[in-house]
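Enquirer: Its first residue numbered 8, the sequence shown is counted upward by one per residue in my numbering.
Would you mind keeping the following structure in view while I ask a few things?
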Amino acid sequence: MPIVLKSPAEIERMATAGALLTEVMDQVAAAVRPGVTTAELDRIAREGILERGAKPAFLGLYGFPASVCASPNEVVVHGIPGEKPLREGDIISIDAGLFYQGYAADMARTFPVGRISEEAARLIRVTEESFWKGFEAARPDARLGDVSYAIQRHVEDAGFWVVREFVGHGIGRQMHEDPQVPNFGRPGVGPKLRPGMTLAIEPMVTLFTAPVVVLDDGWTASSGRGNLAAHYENTVAITESGPRLLTGRR
Ligand code: MG
Numbered sequence: 008m009p010i011v012l013k014s015p016a017e018i019e020r021m022a023t024a025g026a027l028l029t030e031v032m033d034q035v036a037a038a039v040r041p042g043v044t045t046a047e048l049d050r051i052a053r054e055g056i057l058e059r060g061a062k063p064a065f066l067g068l069y070g071f072p073a074s075v076c077a078s079p080n081e082v083v084v085h086g087i088p089g090e091k092p093l094r095e096g097d098i099i100s101i102d103a104g105l106f107y108q109g110y111a112a113d114m115a116r117t118f119p120v121g122r123i124s125e126e127a128a129r130l131i132r133v134t135e136e137s138f139w140k141g142f143e144a145a146r147p148d149a150r151l152g153d154v155s156y157a158i159q160r161h162v163e164d165a166g167f168w169v170v171r172e173f174v175g176h177g178i179g180r181q182m183h184e185d186p187q188v189p190n191f192g193r194p195g196v197g198p199k200l201r202p203g204m205t206l207a208i209e210p211m212v213t214l215f216t217a218p219v220v221v222l223d224d225g226w227t228a229s230s231g232r233g234n235l236a237a238h239y240e241n242t243v244a245i246t247e248s249g250p251r252l253l254t255g256r257r
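Take a look at the structure:
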């Protein structure tokens, strides 16, 4: 499929969708603590999305049964919210998406549950930093590979592993559009970035090298026992003056 370029007016609409999703993610963040269930976090997100006149984008997407993906500890992505309470020392990745007036926003964060290990905290920090490296590389006339490479280099310099099995994506009227946005790659290759492209840039990082395996529920993508995973995602527009953040804040 060709990459769909958005007009400045469409990017404004996506920014509105993104601002709403950021508010919802703030509500979820405020509820993360030992003892809370991921089903409760999902409920908070769903109600937050609906209260804002938006539609949960993940509910029913390819048959997914909830409004957020809730991926604890070694789960990389696509964890299904459930009734098991989070425990002190866990980390929990929440990926949420919504549609507002026909445009999608997509965003993920990994939160500490109470006090976490130094290693887990560093994993979360490096994953966020790698997003910003990719963000800064997402300039008009750069190549997509420049974004991928910037993320990978930062993660690997820190001694962690970039997940290969899942990648970022274009986003707009659809939650998933072309191009794919890998978190690994070579500079100077791939599609040229142009004003009007809108991308979900989403590094997924694990402590060490391991294949990511989808569990029997058909969704939960796990990097294996003891291999913590973190995720940081924002929706980003390429504009004439550089990358523009449509979800989250600096
Ligand atoms: Mg995404």
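Glycine included, each C-beta is placed from N, C-alpha and C at the ideal position.
State the start and end residues of the unbroken beta strand (DSSP E) segment that holds residue 75.
Expert: Note, residue 75: beta strand (DSSP E), 75–79.
Enquirer: Apply the 10 Å Cβ neighbour rule to residue 32 and answer buried if 16 or more other Cβ atoms are within range, or exposed otherwise.
Expert: Classification for residue 32: buried.
Enquirer: Note down the Cα distance separating residue 50 from residue 209, rounded to an integer number of angstroms.
Expert: Taking the straight line joining both Cα atoms gives about 23 Å.
Enquirer: Just to confirm the assignment, what range does the alpha helix (DSSP H) spanning residue 29 have?
Expert: Counting along the chain, the alpha helix (DSSP H) containing residue 29 begins and ends at 15–38.
Enquirer: Could you check the C-alpha separation between residue 206 and residue 159 for me, to the nearest Å?
Expert: Each residue's alpha carbon lies about 17 Å from the other.
Enquirer: Should residue 8 go down as buried or exposed, given a rule of 16 or more other Cβ atoms within 10 Å for buried?
Expert: With fewer than 16 other Cβ atoms within 10 Å, it is exposed.
Enquirer: Taking only three categories from DSSP, how would you classify residue 156?
Expert: Looking at residue 156 - three-state DSSP - the assignment turns out to be helix.
Enquirer: Which residue marks the beginning of the alpha helix (DSSP H) containing residue 53, and which one marks its end?
Expert: That run of the alpha helix (DSSP H) goes 45–58.
Enquirer: Thinking just about the alpha-carbon of each residue, which of 144, 138, 62 and 107 is nearest to the one in residue 255?
Expert: Of the candidates 144, 138, 62 and 107, the one whose C-alpha sits nearest the C-alpha of residue 255 is 138.
Enquirer: Along the beta strand (DSSP E) that carries residue 222, what are the first and last residues, could you check?
Expert: Careful: residue 222 lies outside any beta strand (DSSP E) and carries neither H nor E.
Enquirer: When you compare the region 32–49 with the region 107–124, are there three or more beta-carbon pairs, one atom per stretch, that lie closer than 8 Å?
Expert: Contact between the region 32–49 and the region 107–124 is present, because at least three Cβ pairs lie under 8 Å.
Enquirer: Mark residue 93 as exposed unless 16 or more other C-beta atoms lie within 10 angstroms of its C-beta, in which case mark it buried.
Expert: Classification of residue 93: buried, given that the 10 Å Cβ count is 16 or more.
Enquirer: DSSP state of residue 97, grouped into three classes?
Expert: Coil, per DSSP.
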